[in-house]
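Right, one structure below, let's go through it.
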């Protein structure tokens, strides 16, 4: 079985999350079994609806660029190619677009997925609480592991230090619940979070040597959505590329 980011992608594509729940749910009261199964099915449905909407948004963006007479032929061709690349990446891997032209559509997609997943994790919390109170610790632990697999992997970026930690390379893994690098095989498993900051993305990294508020890296993506630059509150600059 896959682990880490590949496990999340595998679960989201194949729907194994729903199947896995059935392996331990015999210890769960019947009412909660039905509620969890129903919620997992609904989550998959809502994810598919969100995906279909984002794919439609890609088509709309391509049409608008083709019709916009303000672009030079060269600029139009470049922008169309970047949107088509992001669309193909999303359709294949589930990793979202980061280009400015797709930012609103991407925010809407992440908002829908994160809201759906949050409702799913709340049901998991009810199940885990019930099992813990019943001293069914092994079953509770199994559901804790399943719950950790609910958020989708929605982006991978390869980073490198520019004026600080020059040459040092690492990866960022973005998840739909606004966490990052959730698993042991990810880079530096300290608490990490990401949020939208206007037209940028802010990463908070609570590494062992970070200040109390964490390192605050503000990332700006280029028009193609592939390259980016990040700068933290101490002036350290990082550059990188999407890793799909």
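Residue numbers (the working numbering): 188 to 431.
For each residue, glycine too, the CB sits at the ideal point set by N, CA and C.
Please read these numbers as outputs of a predicted model, since none were measured by experiment.
inquiry  = Which residue marks the beginning of the alpha helix (DSSP H) containing residue 317, and which one marks its end?
reply    = Residue 317: member of the alpha helix (DSSP H) spanning 290-320, first to last residue.
query = alpha helix (DSSP H) containing residue 217: first to last residue?
reply = First-last of the alpha helix (DSSP H) with residue 217: 217-254.
message = Run through the DSSP bridge pairs and tell me what residue 345 is partnered with.
response = Paired residues: 358, 428.
key: Where residue 404 falls: helix, strand or coil (DSSP)   = If DSSP states are grouped into helix, strand and coil, residue 404 belongs with the strands.
message = Taking its Cβ as the centre, do 16 or more other Cβ atoms sit within 10 Å of residue 273, making it buried, or is it exposed?
response = Residue 273 comes out buried.
message = Comparing C-alpha positions only, which one of 352, 355, 393 sits nearest to residue 369?
response = Minimum Cα distance to residue 369 is reached at 393.
query = If you draw a straight line from the C-alpha of residue 440 to the C-alpha of residue 430, how long is it?
reply = Residue coverage of the chain in this structure runs from 188 to 431, which leaves residue 440 outside it and unanswerable.
request  = Let me know the secondary structure DSSP gives residue 416 once reduced to three states.
outcome  = If DSSP states are grouped into helix, strand and coil, residue 416 belongs with the strands.
query = Just checking, does the region 296-314 make contact with the region 399-407 on the three C-beta pairs under 8 Å criterion?
reply = Counting Cβ pairs under 8 Å, fewer than three are found: no touch.
key: Member of 354, 230, 258 whose CA lies at the smallest distance from the CA of residue 338   = Distances from the alpha-carbon of residue 338 to those of 354, 230, 258 put 230 closest.
request  = Starting from the Cα of residue 411, find the closest Cα among 291, 350, 286, 340 and give me that residue.
outcome  = Relative to residue 411, the option among 291, 350, 286, 340 whose CA is nearest is 286.
key: residue 343 beta carbon less than 9 Å from that of residue 282   = If you check the CB distance, residue 282 and residue 343 come in under 9 Å.
From 252, 366, 250, residue whose alpha carbon lies closest to that of residue 305 = Nearest option by C-alpha distance: 366.
request  = Determine the DSSP secondary structure at residue 353, reduced to helix, strand or coil.
outcome  = Correct three-state label for residue 353: strand.
message = I need the boundaries of the beta strand (DSSP E) containing residue 382, first residue and last residue.
response = Run containing residue 382: 379-384, per the beta strand (DSSP E) assignment.
query = In three-state terms, what does DSSP make of residue 276?
reply = Residue 276 carries a helical assignment under DSSP once its states are collapsed to helix, strand and coil.
Inter-residue spacing [alpha-carbon to alpha-carbon] between residue 226 and residue 317 = Cα to Cα, the separation comes out at about 17 Å.
request  = Within 10 angstroms of the Cβ of residue 417, are there 16 or more other Cβ atoms? Answer buried if so, exposed if not.
outcome  = Here residue 417 is buried, its C-beta having at least 16 other C-beta atoms within 10 Å.
inquiry  = Taking the alpha-carbon of residue 413 as reference, which of 419, 349, 266, 395 has the nearest alpha-carbon?
reply    = That would be 266, whose Cα lies nearest to the Cα of residue 413.
ask   = How many angstroms separate the CA atom of residue 277 from the CA atom of residue 356?
value = The alpha-carbon of residue 277 is positioned some 24 Å away from that of residue 356.
task = In the DSSP assignment, find the unbroken beta strand (DSSP E) run with residue 390 in it and report its ends.
result = Unbroken beta strand (DSSP E) run through residue 390: 387-392.
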